[in-house]
Amino acid sequence: MLQDPIIADRQPAAWADYLVPQEWAHFTAENHGVWDTLFARQVPYLGNRIVAPFLAGIPALGLDRPGIPDLDRLNAALTPATGWTLVPVAGIVPDQEFFAMLSDRAFPIGNFIRAADSLDYLKEPDCFHDIFGHVPMLAHPPVAALMEALGRLGVAAIAAGHGELIARLYWHTVEFGLVREGDEVKILGAGLASSFGEAHFALEAEVPRPRFTLADAAATAYRNDVFQPLYFVSDSLESTAEALEALDLDGLIALSA
Ligand SMILES: [Fe+2]
């Protein structure tokens with residue numbers, strides 16, 4: 001029997017095993033209230049302390065509507081804009097599959113939200129972090145391209161036994177990085193954008209804020225259990241995106257030499 005060559009060649013993505021339904025209709029009024037409380041606290045605090053593309057992404061994607069966003073509705077706005085698709089997951093995705101998702105322009109979104117009595121404690125990233133923190137930037141074409149590039153490099157780095165290097169570059173930029181915009185240092189990373197306490201800490205506390213370089217960031221460990229001991233400041237979003245997109249596996253490995 002003849003097979004359609006396109007369908008016969010199409011393999012399910014290796015990361016598909018991590019997908020679960022979002023089951024948006026199952027979120028309770030309390031769940032939606034947690035989102036609204038976090039959103040109402042975070043947006044006024046961030047004000048113009050965060051990079052302009054983030055602020056533009058919120059209304060562009062309809063993220064300013066009340067309640068936890070329905071991923072289908074969000075994808076209807078995001079996918080035509082930059083080719084990214086938000087995919088629901090039940091919790092942390094291992095690094096190998098996480099970077100494979102990014103390389104396919106798929107971004108994992110936890111299908112749960114923190115409890116109302118622990119707004120500032122996260123055992124693992126929930127949908128407020130994943131959506132509010134990351135998704136506005138995925139609507140910005142240069143970041144959309146950067147995230148895919150990080151995914152491809154991450155897959156190659158992990159296969160070559162250098163996963164820690166790409167994890168550090170990811171962490172010190174799109175997760176917990178700061179960036180210069182005009183004369184000001186602003187929030188870039190999703191971990192800061194979505195955290196009331198750490199956004200303030202990163203900008204205001206007496207904590208080192210060294211200039212971002214690929215070599216320094218690749219050499220610097222990070223914490224995923226407490227606030228960061230330092231925050232790298234990129235010269236500009238464009239320059240850091242260009243530097244990361246130009247990096248190949250050999251270049252990444254050379255950073256650790
Ligand atoms: Fe994140």
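Note that the sequence shown covers residues 1 to 257 in my numbering.
Ideal Cβ placement from N, Cα and C applies to all residues, glycine included.
The model shown is predicted, which means the values in this text are computed figures rather than measured ones.
Cβ shell of residue i (< 6 Å), same chain only, five flanking positions each side left out
i: His129; result: Ser194
i: Gly83; result: Arg105
i: Val185; result: Leu178, Val233
i: Glu181; result: Val51
i: Gly251; result: none
i: Glu238; result: none
C-beta atoms of residue i and residue j nearer than 9 Å
i: Ala16; j: Leu78; result: no
i: Ala160; j: Leu46; result: no
i: Ser256; j: Leu165; result: yes
i: Glu148; j: Ala14; result: no
i: Ala218; j: Leu169; result: yes
i: Ile113; j: Phe27; result: yes
i: Gly151; j: Ala81; result: no
i: Tyr231; j: Ala167; result: no
beta-carbon residue i near ligand 1 non-hydrogen atom, thresh 8 Å
i: Glu175; result: yes
i: Pro125; result: yes
i: Ala13; result: no
i: Gly151; result: no
i: His172; result: no
i: Asp130; result: yes
i: His134; result: yes
i: Ala199; result: no
i: Leu40; result: It should be noted that the sequence gives Ala, not Leu, for residue 40. No, the Cβ of Ala40 stays beyond 8 Å of every heavy atom of ligand 1.
i: Asp91; result: One detail in the question is off: residue 91 reads as Gly in this sequence, not Asp. Incorrect: Gly91 has no Cβ contact closer than 8 Å to ligand 1.
i: Pro57; result: A small fix is needed here, since residue 57 is Gly in this sequence, not Pro. No.
i: Ala190; result: yes
Close Cβ partners of residue i (< 7 Å) along its chain, the five nearest in sequence each way excluded
i: Ile7; result: The predicted model places Ile7 with a pLDDT of 45, which falls under 50 and marks its position as unreliable, so this point remains unresolved.
i: Leu247; result: Leu153, Leu214
i: Pro69; result: Leu63, Ile131
i: Leu146; result: Ala241, Leu244, Glu245
i: His134; result: Phe107, Ala190
Residues near residue i in its chain [Cβ-Cβ closer than 8 Å; skip 5 each side]
i: Leu2; result: In this prediction, Leu2 has a pLDDT of 44, which is less than 50 and means its spatial position is unreliable; what the coordinates show is noted afterwards. The answer is none, since no qualifying residue turns up.
i: Ile58; result: Val43, Asp64, Pro136
i: Ala116; result: Glu30, Gly33, Val34, Thr37
i: Val226; result: none
i: Arg49; result: Lys186, Ile187, Ala199, Leu203
Query - Cβ contact check for the segment 88-100 and the segment 17-30: 3 or more pairs under 8 Å - result: yes
Query - 4 or more residues per run - each alpha helix (DSSP H) lying fully within the segment 45-76 - result: 52-60
Query raised in the report: Where are the alpha helix (DSSP H) runs, 4 residues long or more, that stay fully inside the segment 195-247, in chain order?
Result: 196-204, 214-218, 237-245
Query raised in the report: Can you give, in chain order, each stretch of the beta strand (DSSP E) that sits fully within the segment 146-185 and has at least 3 residues?
Result: 178-181
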